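Chains V and B are the protein sequences, given in the same order.
Reminder that position 155 of the first sequence reads as 155 in the UniProt record's numbering, one-by-one numbering, no gaps.
Reminder that position 421 of the second sequence reads as 421 in the UniProt record's numbering, one-by-one numbering, no gaps.
Heads up: the structure comes next, in structure tokens.
2 protein chains.
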Amino acid sequence: MTDALIATLRDIVGTDDVLQAQAASAYLVEWRGAFRPTALAVVRPADTQQVADVIVACANAGCAVIAQSGNTGLVGGAAANDAQRHVIVNLERMNRIRAVDADNATITVEAGCILSDVQQAAVDAGLFFPLTLASRDRCRIGGNLATNAGGLNVVRYGNMRDLALGLEVVLADGRVWNNLTGLRKDNSGFDLDDLFIGSEGALGIITAAVLKLYEPVVQQVSALFALESPAQAVRLQRRLTAASGHNLTGCELMSRQAVELACTHIDGCEEPFDIDHEWYLLVELASSAEGHWLLDAISSVVERARREHEWVDVIVAHDVEMSRRLWHLRESLPPAQVAEGASIKHDISLPVSKLPAFLERALTAIREALPGVRPCPFGHVGDGNLHFNLSQPVNAHGPAFLAQAGAAHAVVHDIVAEMGGSIAAEHGIGRLKVAALDRYKSEVERDMMRAIKTALDPDNRLNPGAVVASD
Amino acid sequence: MTDALIATLRDIVGTDDVLQAQAASAYLVEWRGAFRPTALAVVRPADTQQVADVIVACANAGCAVIAQSGNTGLVGGAAANDAQRHVIVNLERMNRIRAVDADNATITVEAGCILSDVQQAAVDAGLFFPLTLASRDRCRIGGNLATNAGGLNVVRYGNMRDLALGLEVVLADGRVWNNLTGLRKDNSGFDLDDLFIGSEGALGIITAAVLKLYEPVVQQVSALFALESPAQAVRLQRRLTAASGHNLTGCELMSRQAVELACTHIDGCEEPFDIDHEWYLLVELASSAEGHWLLDAISSVVERARREHEWVDVIVAHDVEMSRRLWHLRESLPPAQVAEGASIKHDISLPVSKLPAFLERALTAIREALPGVRPCPFGHVGDGNLHFNLSQPVNAHGPAFLAQAGAAHAVVHDIVAEMGGSIAAEHGIGRLKVAALDRYKSEVERDMMRAIKTALDPDNRLNPGAVVASD
Chain V
1 MTDALIATLR DIVGTDDVLQ AQAASAYLVE WRGAFRPTAL AVVRPADTQQ VADVIVACAN
61 AGCAVIAQSG NTGLVGGAAA NDAQRHVIVN LERMNRIRAV DADNATITVE AGCILSDVQQ
121 AAVDAGLFFP LTLASRDRCR IGGNLATNAG GLNVVRYGNM RDLALGLEVV LADGRVWNNL
181 TGLRKDNSGF DLDDLFIGSE GALGIITAAV LKLYEPVVQQ VSALFALESP AQAVRLQRRL
241 TAASGHNLTG CELMSRQAVE LACTHIDGCE EPFDIDHEWY LLVELASSAE GHWLLDAISS
301 VVERARREHE WVDVIVAHDV EMSRRLWHLR ESLPPAQVAE GASIKHDISL PVSKLPAFLE
361 RALTAIREAL PGVRPCPFGH VGDGNLHFNL SQPVNAHGPA FLAQAGAAHA VVHDIVAEMG
421 GSIAAEHGIG RLKVAALDRY KSEVERDMMR AIKTALDPDN RLNPGAVVAS D
Chain B
1 MTDALIATLR DIVGTDDVLQ AQAASAYLVE WRGAFRPTAL AVVRPADTQQ VADVIVACAN
61 AGCAVIAQSG NTGLVGGAAA NDAQRHVIVN LERMNRIRAV DADNATITVE AGCILSDVQQ
121 AAVDAGLFFP LTLASRDRCR IGGNLATNAG GLNVVRYGNM RDLALGLEVV LADGRVWNNL
181 TGLRKDNSGF DLDDLFIGSE GALGIITAAV LKLYEPVVQQ VSALFALESP AQAVRLQRRL
241 TAASGHNLTG CELMSRQAVE LACTHIDGCE EPFDIDHEWY LLVELASSAE GHWLLDAISS
301 VVERARREHE WVDVIVAHDV EMSRRLWHLR ESLPPAQVAE GASIKHDISL PVSKLPAFLE
361 RALTAIREAL PGVRPCPFGH VGDGNLHFNL SQPVNAHGPA FLAQAGAAHA VVHDIVAEMG
421 GSIAAEHGIG RLKVAALDRY KSEVERDMMR AIKTALDPDN RLNPGAVVAS D
């Protein structure tokens with residue numbers, strides 16, 4: 001049966017693109033090391049019809065299909081784990097920009113396109129694709145869609161869901177749904193696009209999408225505020241939103257510990273102020289409109305907030321180089337935590353208004369639960385999304401610290417749930433958080449998710465074990 | 001059985017809020033006159049639990065539930081049509097503003113809130129709720145959500161789906177799903193909110209929602225361009241988007257015929273220019289940022305476009321009163337068509353880039369199919385959405401003209417479908433377009449819709465006959 005399937009898959013995609021054993025190993029990694037993926041084969045289809053044919057062949061052989069594009073996910077969403085019955089469909093060969101429609105401000109791309117290539121294609125067309133995240137040079141559009149990727153510009157442009165106008169999807173039965181319409185208004189039936197987006201390959205395999213483009217930025221200013229409290233960050237965020245006319249394009253909170261590790265471990269990072277501060281808020285304003293009114297806007301906010309003691313110190317970056325240095329500091333926080341040793345991570349969100357209270361509660365609770373722990377919270381305060389990461393105590397044994405992850409998750413996630421937040425803000429559920437989802441989601445919501453999963457994938461052939469718990 | 005159900009419903013919502021016969025008649029109208037609704041009763045629950053109890057009672061009695069809020073829909077979405085087995089659940093008593101969270105920029109409202117009351121509540125909180133449409137003083141949030149309402153500000157702020165962060169929904173089995181979280185990022189499971197939004201009461205009854213608020217507008221400018229062609233409108237739209245930094249908040253195309261009828265029939269409408277023009281483009285730029293840069297932006301676009309012969313004449317409205325008059329002209333187009341006699345309507349969308357070609361083809365084809373017809377196309381060109389309405393020939397017999405509606409729809413919708421557009425851009429499917437949906441949607445999409453309908457409403461108790469064709 002297995003041999004017959006491999007032969008069929010070779011017929012479909014070509015012998016060179018059915019990888020097994022050593023040849024498949026590059027695709028069977030999970031870079032956080034939380035999973036050790038295994039699969040019967042990694043198949044690399046060249047087009048949508050091949051994806052469809054692969055799904056049918058696998059179904060006929062009783063095998064499941066796990067979609068993979070850039071394999072940069074953080075929750076084991078593509079972590080196949082059955083060497084006999086899981087086939088990984090890797091989409092990297094499907095990397096064509098199918099069309100750019102400048103007057104409709106859209107680009108049609110295949111799931112295997114690397115995010116930064118899509119960004120560049122937009123630039124080449126005189127436009128701008130705003131989604132951006134640290135893995136932009138490796139992650140691919142299929143994964144961005146399957147996980148409803150967020151990143152640094154969400155506060156102004158939304159998540160991937162907000163940036164997609166229509167999809168092409170291969171369904172569990174091998175049929176292709178083509179909704180690559182590029183329409184900005186379409187109320188003809190249920191919103192299937194948004195159902196597939198963020199479903200992590202469990203409802204269908206997204207093979208292409210029409211994405212919104214924006215006009216290129218011509219005016220930009222960044223600033224770094226030194227703060228005494230997260231509450232000041234929330235208030236500054238609202239003032240900057242108003243003053244800039246919703247042109248706040250980045251709004252990142254950074255804790256002292258997170259900044260300190262970056263300055264210790266990462267080249268090009270240095271302490272931004274003469275003295276240390278408890279919190280930092282990095283903001284960016286940007287617009288495609290000519291002028292210098294964003295600088296005026298930030299200056300007026302800085303001045304008013306100064307009078308009201310809403311910040312302790314501030315750097316306004318007037319030029320590109322200074323701005324680049326500030327953002328380098330922000331982008332260095334995650335690798336700095338890796339360099340410092342073991343880290344327990346949380347990707348949570350709350351209403352923006354509740355972030356200060358959450359931080360107060362969670363920081364107290366986690367310090368009590370894990371003595372010596374060094375919390376390094378940082379993240380997208382404008383979206384209510386924090387990466388509540390915990391670095392190991394100084395000189396601690398990494399594995400021993402990581403053994404406390406479950407206890408730490410319970411402390412943090414319980415507080416998040418109690419305050420009405422999400423335990424999976426932008427990274428998704430994958431396999432990492434399926435049990436947590438079962439714990440924190442209402443029964444009625446889990447029933448709906450199971451009903452929809454069964455409706456679209458009745459035999460549980462698509463990414464079984466991800467997002468929705470298998471029975 | 002019927003008497004027993006009525007008694008149960010009275011127990012649930014109170015005797016005065018179970019309306020039958022004459023008392024129910026005000027709720028059994030469909031204002032376009034395309035349907036003559038009938039129902040066993042109109043029930044007016046006061047809270048979410050009563051909605052749930054009504055659904056269970058109706059299910060036990062073998063009756064279906066049709067949700068209604070403002071009853072201003074245009075496609076018969078709430079047109080109950082079974083005097084024995086349809087119960088209308090009218091949500092107008094559920095009209096509480098539950099909460100405003102200024103630092104999260106959200107408002108939590110019940111489904112029975114009138115849209116303009118929500119707009120006012122936002123103003124009272126120092127903020128702004130951008131959804132607006134002609135029926136704003138009568139339509140209610142439940143209907144706005146159930147139909148994913150669009151309207152005049154979509155080009156900048158999106159449809160209702162883009163403005164909703166979370167819902168409270170009563171499901172077909174009477175359970176309540178509470179997702180009123182107000183989160184801007186949440187990737188914990190499938191996107192159920194967006195599935196309910198736009199599903200026209202066929203998957204669940206939305207009882208409340210958390211909506212996004214924006215900062216209030218402090219800077220605004222409108223302009224009316226006289227044009228030779230829709231292609232000029234598309235190009236101007238793009239230039240204005242770029243120059244204003246995506247602060248184009250309204251972008252309405254109006255045909256000569258539509259403007260002429262408004263000036264003939266509606267008080268306060270007058271010819272905007274000394275001579276007639278084929279097409280008009282009404283635009284508005286607005287921002288919450290201080291300054292006069294939007295006037296600078298529009299002035300620069302006007303000047304550059306003048307040199308390139310991209311418009312024939314233009315009025316820039318520097319003050320509120322002139323702006324109000326221009327928008328009064330636009331809002332008078334639909335009532336003017338009513339005053340002129342019979343009208344055959346189409347609510348279509350295309351990629352913005354394809355609108356000029358669509359108009360050329362559709363106008364030629366419809367004039368050939370319906371000799372003497374007076375097309376009055378107008379609408380939201382910035383979203384690719386046109387109301388391709390057809391006024392009866394001069395002195396024609398109204399009913400005879402309307403008898404040609406089916407033929408007209410086939411001509412227009414065939415062209416829309418061929419060009420990759422939607423036959424239901426912002427008004428929905430309801431009962432009016434179920435057959436058309438069957439004609440134009442792919443089998444694979446219809447199968448998915450049916451599968452989801454069955455998954456969430458297995459006994460077809462919620463708005464049967466709407467959106468999804470009953471077997």
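Backbone N, C-alpha and C define an ideal beta-carbon position, used for all residues, glycine too.
What you are looking at is a predicted structure, and each value in this text was computed from that prediction instead of being measured.
In angstroms, rounded to a whole number, what distance separates the CA positions of residue i and residue j?
i: V/A410; j: B/I12; result: 41 Å
i: B/F190; j: V/S332; result: 31 Å
i: V/G182; j: B/Q232; result: 21 Å
i: V/A455; j: V/A262; result: 47 Å
i: residue 482 of chain B; j: B/N95; result: Not covered by the structure: residue 482 of chain B. The range shown for chain B is 1 to 471.
i: V/D438; j: V/R446; result: 7 Å
i: B/G299; j: B/F225; result: Here residue 299 of chain B turns out to be Ser, not Gly, going by the sequence shown. So the alpha carbons of these two residues sit roughly 12 Å apart.
i: B/D103; j: B/R93; result: 29 Å
i: V/L402; j: V/L74; result: 16 Å
i: B/R374; j: B/S349; result: 20 Å
i: V/E290; j: V/F358; result: 39 Å
i: B/L9; j: V/R361; result: 46 Å
i: B/D457; j: B/R304; result: 56 Å
i: V/R324; j: B/A286; result: 31 Å
Could you work out which residues of chain B lie near residue i, taking near to mean beta carbons separated by less than 9 Å?
i: V/W177; result: S442, V444, E445 and M448
i: V/A427; result: The amino acid occupying residue 427 of chain V in the given sequence is His; Ala does not appear at that position. The contacting residues are N187.
i: V/N81; result: In chain order: nothing, as chain B lies at least about 21 Å away.
i: V/D162; result: G158 and D162
i: V/R96; result: The premise fails here: V/R96 is roughly 19 Å from chain B at the closest Cβ pair, so nothing lies under 9 Å.
i: V/W327; result: Correct list: empty, because the minimum Cβ distance to chain B is about 20 Å.
Kindly list, in the order they appear in chain B, the residues whose Cβ is closer than 7 Å to that of residue i.
i: V/V234; result: D103
i: V/A111; result: Within 7 Å Cβ-Cβ: nothing; V/A111 doesn't reach chain B, min ~18 Å.
Looking at the unbroken alpha helix (DSSP H) that takes in residue i, where does it start and where does it end?
i: B/K453; result: E443 to L456
i: B/W311; result: Per DSSP, B/W311 belongs to no alpha helix (DSSP H) and is neither H nor E.
i: B/A223; result: Taken as a continuous stretch (DSSP letters only), B/A223 belongs to no alpha helix (DSSP H), being part of the beta strand (DSSP E) at Q219 to L227.
i: B/E321; result: V320 to E331
i: V/E360; result: L355 to A369
Using C-beta distances below 7 Å, list every residue in its chain close to residue i, excluding the 5 sequence neighbours before and after it, in chain order.
i: B/R161; result: N148, D194, I197 and G198
i: V/P334; result: A134
i: B/V170; result: T48, V51, A52, I55, V176, G204, I205 and T207
What residues of chain C sit near residue i, judged by a beta carbon separation below 8 Å?
i: V/G465; result: The displayed structure is made up of protein chains V and B, and chain C is not among them.
Less than 6 Å between C-beta atoms, sequence neighbours within five positions excluded: which residues of the same chain meet that for residue i?
i: V/D53; result: I12
i: V/G70; result: R138, C139, R140 and G143
i: B/R136; result: L115 and S116
Name the chain V residues whose beta carbon is nearer than 7 Å to that of residue i?
i: B/E215; result: T241, A242 and H246
i: B/S135; result: Here the premise fails: no neighbours, minimum Cβ distance about 16 Å.
i: B/I452; result: F190, I452 and A455
i: B/T38; result: Near B/T38 there are no residues of chain V at all, since even the closest Cβ is about 26 Å away, more than 7 Å.
i: B/V154; result: K185
Skipping 5 residues on each side, what residues in its chain have a beta carbon closer than 8 Å to that of residue i?
i: B/L19; result: Y27, A41, V42, V43 and R44
i: B/G150; result: L133, N159, M160, H380, D383, N385, A425 and E426
i: V/H277; result: A226, L227, E228, R256, V312 and D313
i: B/Y157; result: P130, L131, L163, Y214 and T249
Where do the N-terminal and C-terminal ends of the beta strand (DSSP E) with residue i fall, by residue?
i: V/G379; result: F378 to H380
i: V/N81; result: N81 to N90
Identify the contact partners of residue i in chain B, using a Cβ-Cβ distance below 8 Å as the criterion.
i: V/G142; result: Going along chain B, no residue has its Cβ under 8 Å from V/G142, so there is no contact; the nearest lies around 16 Å.
i: V/V352; result: D103, N104, A105 and R184
i: V/S349; result: L183, R184, K185 and D186
i: V/L386; result: Near V/L386 there are no residues of chain B at all, since even the closest Cβ is about 10 Å away, more than 8 Å.
**Request:** Counting only runs of 4+ residues fully inside the region 229-254 of chain B, write out the alpha helix (DSSP H) ranges in chain order.
**Result:** 230-244
**Asked** What residue ranges within the region 60-129 of chain V form continuous beta strand (DSSP E) runs of no fewer than 3 residues, ordered along the chain?
**Response** 64-68, 81-90, 97-101 and 106-110
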